Amino acid sequence: MPLPSYAGPGEKLWYYSFRVYCALVFLFLILPILIIIPLSFNAEPYFSFSEGMLRFDPDAYSLRWYLDILTNGMSDRDAPFGWAWISDSWNNAQWIHSMRNSFFIAIVSTILATVFGTLAALGLSQADMPYRNLIMSLLIAPMIVPLIITAAALFFFLSDLSLSQTYTGIIIAHAVLGVPFVVITVTATLVGFDRSLMRAGANMGANPRTVFFKIVMPLITPGMISGALFAFITSFDEVVAVIFLAGFEQRTIPRQMWSGLREQISPTILAVATIMVTLSIVLLTVLELLRRRSERLRGIAPQ
Amino acid sequence: MTDTTIQPSDVVETDDGISLKVKLARATRRNKLRALALVAPLGIFLIIGFLWPIGAMLLRSVHAPDFGEIMHRTAVVIEAWDGEGIPDEHVFAALVEDLTQAKEEKTIGRAATRFNFSMPGTRSVFTRTGRKINSIEEGPYTEAMIEINEAWGGHEFWLNFQRLVEPYTARFYLNSVDYRIGDENEIAVQPEERQIYVKLFVRTLIMSLIITTLCIILGYPISYLLATLPLRYSNLLMILVLLPFWTSLLVRTTSWITLLQKEGVLNDIVVGIGLVADENRLQMMFNATGTVIAMVHILLPFLVLPLFSVMKTIPPSYMRAARSMGATQFTAFRRVYIPQTLPGVGAGSILVFILSIGFYITPALVGGQSGQLISNIIAYHMQRSLNWGLAAALATILLIGVLLLYWLYNKIVGVDNMKFG
Chain A
71 MPLPSYAGPG
81 EKLWYYSFRV
91 YCALVFLFLI
101 LPILIIIPLS
111 FNAEPYFSFS
121 EGMLRFDPDA
131 YSLRWYLDIL
141 TNGMSDRDAP
151 FGWAWISDSW
161 NNAQWIHSMR
171 NSFFIAIVST
181 ILATVFGTLA
191 ALGLSQADMP
201 YRNLIMSLLI
211 APMIVPLIIT
221 AAALFFFLSD
231 LSLSQTYTGI
241 IIAHAVLGVP
251 FVVITVTATL
261 VGFDRSLMRA
271 GANMGANPRT
281 VFFKIVMPLI
291 TPGMISGALF
301 AFITSFDEVV
311 AVIFLAGFEQ
321 RTIPRQMWSG
331 LREQISPTIL
341 AVATIMVTLS
351 IVLLTVLELL
361 RRRSERLRGI
371 APQ
Chain B
10 MTDTTIQPSD
20 VVETDDGISL
30 KVKLARATRR
40 NKLRALALVA
50 PLGIFLIIGF
60 LWPIGAMLLR
70 SVHAPDFGEI
80 MHRTAVVIEA
90 WDGEGIPDEH
100 VFAALVEDLT
110 QAKEEKTIGR
120 AATRFNFSMP
130 GTRSVFTRTG
140 RKINSIEEGP
150 YTEAMIEINE
160 AWGGHEFWLN
170 FQRLVEPYTA
180 RFYLNSVDYR
190 IGDENEIAVQ
200 PEERQIYVKL
210 FVRTLIMSLI
220 ITTLCIILGY
230 PISYLLATLP
240 LRYSNLLMIL
250 VLLPFWTSLL
260 VRTTSWITLL
270 QKEGVLNDIV
280 VGIGLVADEN
290 RLQMMFNATG
300 TVIAMVHILL
310 PFLVLPLFSV
320 MKTIPPSYMR
330 AARSMGATQF
340 TAFRRVYIPQ
350 TLPGVGAGSI
360 LVFILSIGFY
370 ITPALVGGQS
380 GQLISNIIAY
390 HMQRSLNWGL
400 AAALATILLI
410 GVLLLYWLYN
420 KIVGVDNMKF
430 G
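So the sequence lines, in the order shown, correspond to chains A and B. If you want my numbering, it's the 1-based position in the first sequence plus 70. If you want my numbering, it's the 1-based position in the second sequence plus 9.
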């Protein structure tokens, strides 16, 4: 809303101070995330800017913490770079190990959550669905119940099944936590869904299966993918359940950061955090592109 | 045939002779079943992997069979004890047998821990007796036991024993609101130094309220700006809200540790510009302040996103109409705009409040002593003290609070209308 030309001085003052206030809030939101990026290139093991960094002295910056991600935990970190070094890092470096765990757990639990969640969302959007609100509340509940309660409950449950400290246990937990996001996003896609398209398909002789794969699927795919991305990031970020359920073997990146922050704090964490921020920027971009595509497909013109 | 019966020709029939009503009912039922079948896999998955475990854990808050199972012989005979003085020889004989078996099965430690929760300082009675239990070969057992440890001659000690062998108990709930079962089986207030849980619940509520209020103060103006700016700019600014939303919780907590710690960026800045001397750097972390700042940052997007989507639907012409009728900018905003945004404020603030009363990670990392919330003490009892019954009771109280708020949220917004981004 631009300032109208008839605005008085009081209104002008209000207008500009409002803008300044908003700018400060936006800075509050974004600065803490951006500040760790330059700090992760610090040549010194400090969590603050050294004088050299402020003078933009190239020597004050280094990639040593990024190298540390690759080498910390290797059996021979001073070995010459080569295939042996890469395989040592891949197999032994702690952070690399956690990254592999994080991706593996997140991908499998995302697939589970997406398949279950999409089916349920399709069911929920049927006009004849009985107890719709009750079921919907149940499906969203894992997002509302405090994580500590879910994690503690699953700890007892999975211990009884001797599934604690296994990948299976964590994957089940993360699938449970990711489901609400898939249900919500796919249901939202189906709200604007034009059901006459399905009837038109059937009218023209397609059987229900063909209608589903040729008409319904392409339309809900964007919602499904964004739901899957939410489920992925939920699992990728999740640490409470991992603290309770994972052994040393199943450590994920957030779990490693958690113990890093509690025990021996090192700027390697900042380097890892920078990589994670980059990952979320990528995911955010994909999500935005999907949203635009979905709007175009469903014929909602961008305003 | 009388006039009141319906002629066959009155009922609408399909060509295979079945009434349309019946066919329609069948089709509806088929649709219902199909819808249910689609939801069923997820429903079953969540019942097994979510509802059942939570229910089973909540049961632990009233059901604690551990001690009674280890002391199973004593549990049977002590029922006959009238609660006067100390139990008779039968009970002691059974106790010696139970302790001998527990020693072989290495369960004395577990029993001792359970006993210690309800009567602090008694752990060693069990472990010490366990070490010497093989020296008792024959009766009278009463004297022999009291010889080993005089606690076995204590009246209150035995009353507690009698309570503990019961599989069902209310003591965890009493403990979690700072009461206990007294020495004479009465409900008593915990001693001063052990009254921590009510304080913690109150602190959790107050801190959540502060966080929610701060989120509204910070979030309302920027949601308004985002909703009223032209789409080109608002899309760009929206990234500033969405990026933190999508960034890992641990990463954001790390950032705040970097900023707030004594050798951190903020302290370096205030020392650098001479506001504060180097030796008295500000303590912004490991206290409630640090927790509040970091949690407001983490939860702010959860307020802005629903509020923004509500504000987006308010036509700007309403404000213009109010102004054209003589209202000042302020009056128009207060009387016309704000009331229309209340559903969004409600939705966002309940969401923020729900999330903050169950928060665990950030308080644990930046909270120190004074910034701990109820989740942290639940985690403590789960992992360190292993008092699972108490953890379950605290968790149940927290869960009931959250579910009440969730119900309220449903009333105001409806789960269907929950959206992200």
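Using N, Cα and C, we set each Cβ at its ideal position, and we do this for glycine too. This one's a predicted model, so the numbers in the text were calculated from it and none came from an experiment.
Alpha-carbon spacing of residue i relative to residue j, whole angstroms
i         : j         : result
Gln171(B) : Arg137(B) : 20 Å
Leu94(A)  : Leu354(A) : 23 Å
Ile177(A) : Ser318(B) : 31 Å
Gln373(A) : Leu308(B) : Confidence in Gln373(A) is poor, its pLDDT being 39 and thus under 50, which makes the residue's placement too unreliable to answer from.
Tyr389(B) : Gly410(B) : 20 Å
Arg69(B)  : Ala286(B) : 53 Å
Pro324(B) : Leu315(A) : 50 Å
Val312(A) : Ser168(A) : 12 Å
Phe283(A) : Gln196(A) : 17 Å
Phe251(A) : Phe311(B) : 14 Å
Ala243(A) : Pro200(B) : 39 Å
Gly430(B) : Leu413(B) : In this predicted model, Gly430(B) has a pLDDT of only 44, less than 50, meaning its place in the structure is not dependable enough to derive any value.
Ile107(A) : Thr405(B) : 41 Å
Per-residue DSSP class, three states only, for residue i
i         : result
Ile145(B) : coil
Ser195(A) : coil
Arg361(A) : helix
Tyr389(B) : helix
Asn158(B) : coil
Asn277(A) : coil
Arg172(B) : helix
Tyr76(A)  : coil
Ala9(B)   : Chain B is shown from 10 up to 430; residue 9(B) falls before or after that span and cannot be answered.
Tyr201(A) : coil
Pro74(B)  : coil
Tyr369(B) : coil
Val198(B) : strand
Residues that residue i contacts on chain A, provided the C-beta gap is smaller than 9 Å
i        : result
Lys41(B) : Gln196, Asp198, Met199, Pro200
His72(B) : Residues of chain A passing the Cβ test: none, with the nearest at roughly 12 Å.
Below-8 Å beta-carbon distance, residue i vs any chain A residue
i         : result
Thr315(B) : This sequence places Pro at residue 315(B); Thr is not what is there. No, Pro315(B) does not count as interfacial toward chain A.
Asp54(B)  : Here the sequence assigns Phe to residue 54(B), which means Asp is not the residue at that position. Yes, Phe54(B) lies at the interface with chain A (some Cβ there is under 8 Å from its Cβ).
Ala44(B)  : yes
Arg261(B) : yes
Val354(B) : no
Phe34(B)  : In the sequence as presented, Phe is not what sits at residue 34(B); that position holds Ala. Closer than 8 Å: no.
Glu146(B) : no
Pro230(B) : yes
Asp277(B) : yes
Val422(B) : no
Gln292(B) : no
Gln270(B) : yes
Ile50(B)  : As written in the sequence, residue 50(B) is Pro, which differs from the Ile given in the question. Answer yes: the Cβ-Cβ gap between Pro50(B) and chain A drops below 8 Å somewhere.
Ala297(B) : no
Pro62(B)  : yes
Within chain B, partners of residue i - CB distance below 8 Å
i         : result
Glu365(A) : By Cβ distance, chain B contributes nothing, its closest Cβ being about 13 Å from Glu365(A), past 8 Å.
Asp307(A) : Ser257, Leu258, Leu259
Chain B contact for residue i (CB, 8 Å cutoff)
i         : result
Ala113(A) : no
Lys82(A)  : no
Phe119(A) : yes
Ser350(A) : yes
Tyr116(A) : yes
Ser232(A) : no
Pro288(A) : no
Ile177(A) : no
Ser229(A) : no
Contacts that residue i makes with chain B (C-beta to C-beta distance below 7 Å)
i         : result
Trp328(A) : Leu259
Chain A contact residues for residue i, given Cβ-Cβ distances below 8 Å
i         : result
Ser264(B) : Pro102, Ile103, Ile105, Ile106, Ala343
Gly273(B) : Phe117, Ser118
Partner residues on chain D for residue i, Cβ-Cβ distance less than 8 Å
i        : result
Tyr91(A) : Protein chains A and B are contained in the structure displayed, whereas chain D is not.
Exercise. Spell out a yes or no on whether the stretch 72–87 of chain B and the stretch 162–181 of chain B are touching, meaning 3 or more CB-CB pairs, one atom from each, closer than 8 Å.
Key: yes
Quiz item: Hey, is the stretch 128–143 of chain A in contact with the stretch 271–279 of chain A, meaning 3+ C-beta pairs nearer than 8 Å?
Solution: no
Quiz item: Pairing CB atoms from the stretch 345–352 of chain B with CB atoms from the stretch 256–269 of chain B, are three or more of them under 8 Å?
Solution: no
Quiz item: So does the stretch 331–351 of chain A actually touch the stretch 182–194 of chain A, counting three or more Cβ pairs closer than 8 Å?
Solution: no
Quiz item: For the stretch 347–364 of chain B against the stretch 215–226 of chain B, are there 3 or more C-beta pairs whose distance is under 8 Å?
Solution: yes
Exercise. Take every Cβ of the stretch 139–153 of chain B, pair it with every Cβ of the stretch 52–62 of chain B, and state whether three or more of those distances are shorter than 8 Å.
Key: no
Exercise. Indicate whether the contact test is met: 3 or more Cβ pairs, each with one atom in the stretch 343–354 of chain A and one in the stretch 200–218 of chain A, closer than 8 Å.
Key: no
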